[in-house]
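Right, one structure below, let's go through it.
Residue numbers (our numbering): 2 to 316.
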């Protein structure tokens with residue numbers, strides 16, 4: 002498939018792998034890129050020296066384009082950006098901050114830039130900043146999320162009416178049918194997180210991968226709204242957070258209970274009871290842990306089958 006997204010990023014399929022904390026290391030990014038998509042290294046869970054190592058290993062593992070995802074509120078953002086420049090990373094996806102701050106700096110060096118948003122206001126800021134594409138993430142998505150709780154199905158057609166740059170749909174997408182639906186609504190490509198978290202190459206803990214494929218409908222909830230809205234899988238930690246929120250705990254009290262390294266404890270170290278487990282609603286659709294190559298083939302086959310089914314349909 003060829004369209005604006007494949008042309009901008011130099012990839013075969015308009016499928017981008019989300020830069021998930023504790024899951025998106027060099028092995029996952031390289032595997033997705035080698036399979037024709039765009040793999041992203043998630044910088045949000047990496048110290049600068051580790052980040053550089055992942056970039057260097059990814060460059061050795063793939064000759065195809067790959068990128069990095071950087072939350073702009075990360076305390077060592079400037080150091081990470083220096084590494085991106087030194088290592089000549091071709092693509093940067095930014096999130097959690099003002100897209101204007103670094104976009105022109107990247108583009109001056111020939112780096113392609115996309116920014117993750119959850120509403121029209123910030124989509125327009127992305128256009129003004131000159132990004133190459135906007136990632137519009139519905140609140141079905143796992144991890145940090147928009148407070149508006151706008152679904153992908155509502156967000157994509159709305160934004161496609163108001164902005165005129167390539168639009169990437171994210172949130173609730175784990176099948177080729179969903180890719181077809183997103184593109185029918187106005188998206189030019191998709192970003193997929195949860196399905197790739199449940200892959201052989203993802204760097205998250207095997208117990209977390211099992212937790213993903215065991216998840217059922219309703220097993221995730223958008224929580225931590227006073228601290229930073231985050232979609233979590235149910236476990237003992239999430240239940241305690243829910244109790245604190247229901248009894249009116251302050252932002253400071255919740256922050257103190259959250260502590261440091263809670264996501265690492267869960268997703269990377271395998272504490273399924275007291276760790277923070279970030280995953281999307283679509284985890285209920287994921288039944289297996291597969292190699293990335295098989296996931297990509299399945300997504301493309303499902304997309305083509307959906308397209309074929311719709312070809313002769315009339316209303």
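Glycine is no exception: its CB is placed at the ideal position from the N, C-alpha and C atoms. Bear in mind the structure is a predicted one, so any value in this text is a computation, not a measurement.
Nearest CA to the CA of residue i: which residue from the options?
{"i": "residue 153", "options": "30, 184, 64 and 291", "result": "184"}
{"i": "residue 94", "options": "83, 87 and 67", "result": "67"}
{"i": "residue 221", "options": "143, 130 and 78", "result": "143"}
{"i": "residue 111", "options": "123, 99, 88 and 119", "result": "88"}
{"i": "residue 311", "options": "84, 255 and 182", "result": "182"}
{"i": "residue 80", "options": "99, 53, 92 and 193", "result": "53"}
{"i": "residue 7", "options": "168, 24, 121 and 240", "result": "168"}
{"i": "residue 121", "options": "109, 24, 272 and 151", "result": "151"}
{"i": "residue 228", "options": "215, 212, 258 and 208", "result": "258"}
{"i": "residue 76", "options": "90, 201 and 48", "result": "48"}
{"i": "residue 24", "options": "297, 208, 90 and 225", "result": "208"}
{"i": "residue 215", "options": "28, 246 and 289", "result": "289"}
{"i": "residue 273", "options": "92, 212 and 33", "result": "212"}
{"i": "residue 277", "options": "294, 29, 193 and 230", "result": "230"}
{"i": "residue 201", "options": "171, 26, 232 and 103", "result": "26"}
Here's the rule: buried if 16 or more other CB atoms are within 10 angstroms of the residue's CB, otherwise exposed. What is residue i?
{"i": "residue 72", "result": "buried"}
{"i": "residue 191", "result": "buried"}
{"i": "residue 117", "result": "buried"}
{"i": "residue 3", "result": "exposed"}
{"i": "residue 74", "result": "exposed"}
{"i": "residue 189", "result": "buried"}
{"i": "residue 92", "result": "buried"}
When you compare only the Cα positions, how much space is there between residue i and residue j?
{"i": "residue 262", "j": "residue 20", "result": "18 Å"}
{"i": "residue 101", "j": "residue 132", "result": "9 Å"}
{"i": "residue 321", "j": "residue 97", "result": "Nothing in the structure corresponds to residue 321, since the chain is present only between 2 and 316."}
{"i": "residue 299", "j": "residue 306", "result": "10 Å"}
{"i": "residue 275", "j": "residue 266", "result": "8 Å"}
{"i": "residue 10", "j": "residue 206", "result": "30 Å"}
{"i": "residue 64", "j": "residue 243", "result": "45 Å"}
{"i": "residue 113", "j": "residue 248", "result": "45 Å"}
{"i": "residue 129", "j": "residue 123", "result": "10 Å"}
{"i": "residue 55", "j": "residue 86", "result": "15 Å"}
{"i": "residue 82", "j": "residue 137", "result": "23 Å"}
{"i": "residue 204", "j": "residue 217", "result": "23 Å"}
{"i": "residue 41", "j": "residue 219", "result": "28 Å"}
{"i": "residue 127", "j": "residue 309", "result": "35 Å"}
{"i": "residue 156", "j": "residue 119", "result": "8 Å"}
{"i": "residue 179", "j": "residue 237", "result": "31 Å"}
{"i": "residue 302", "j": "residue 251", "result": "48 Å"}
{"i": "residue 99", "j": "residue 279", "result": "23 Å"}
{"i": "residue 210", "j": "residue 224", "result": "21 Å"}
{"i": "residue 46", "j": "residue 125", "result": "28 Å"}
{"i": "residue 264", "j": "residue 304", "result": "33 Å"}
{"i": "residue 103", "j": "residue 147", "result": "21 Å"}
{"i": "residue 78", "j": "residue 232", "result": "24 Å"}
For the alpha helix (DSSP H) containing residue i, name the first residue and the last one.
{"i": "residue 206", "result": "Segment: none, residue 206 is in no alpha helix (DSSP H) and carries neither H nor E."}
{"i": "residue 72", "result": "That residue, residue 72, is in no alpha helix (DSSP H); its beta strand (DSSP E) goes 67 to 72."}
{"i": "residue 41", "result": "No alpha helix (DSSP H) contains residue 41, which is instead part of the beta strand (DSSP E) from 40 to 43."}
{"i": "residue 104", "result": "104 to 108"}
{"i": "residue 32", "result": "27 to 35"}
{"i": "residue 18", "result": "From DSSP, residue 18 is part of no alpha helix (DSSP H) but of the beta strand (DSSP E) over 16 to 18."}
{"i": "residue 53", "result": "49 to 62"}
Using a Cβ cut-off of 8 Å (strictly closer), state whether residue i contacts chain C.
{"i": "residue 230", "result": "Going by chain labels, chain C is absent from the structure shown, which holds only one protein chain."}
Please list the terminal residues of the continuous beta strand (DSSP E) segment that includes residue i.
{"i": "residue 114", "result": "113 to 118"}
{"i": "residue 92", "result": "92 to 96"}
{"i": "residue 81", "result": "Element bounds for residue 81: not the beta strand (DSSP E) but the alpha helix (DSSP H), 78 to 88."}
{"i": "residue 222", "result": "221 to 224"}
{"i": "residue 138", "result": "134 to 138"}
{"i": "residue 191", "result": "190 to 193"}
{"i": "residue 171", "result": "168 to 171"}
{"i": "residue 305", "result": "From DSSP, residue 305 is part of no beta strand (DSSP E) but of the alpha helix (DSSP H) over 293 to 312."}
May I ask you to verify whether the stretch 56 to 63 touches the stretch 308 to 316, counting CB pairs closer than 8 Å and requiring at least 3? The stretch 56 to 63 makes no contact with the stretch 308 to 316, as fewer than three CB pairs between them are under 8 Å.
Between the stretch 163 to 182 and the stretch 191 to 208, are three or more C-beta pairs nearer than 8 Å? Flag = yes, the stretch 163 to 182 and the stretch 191 to 208 touch.
Taking contact to mean at least 3 C-beta pairs separated by less than 8 Å, is the stretch 276 to 295 in contact with the stretch 158 to 167? Counting C-beta pairs closer than 8 Å gives fewer than three between the stretch 276 to 295 and the stretch 158 to 167, which falls short of the contact rule.
Looking at C-beta atoms only, is the number of pairs between the stretch 9 to 16 and the stretch 31 to 38 that lie closer than 8 Å three or more? Touching, yes, given that three or more Cβ pairs across the two stretches are closer than 8 Å.
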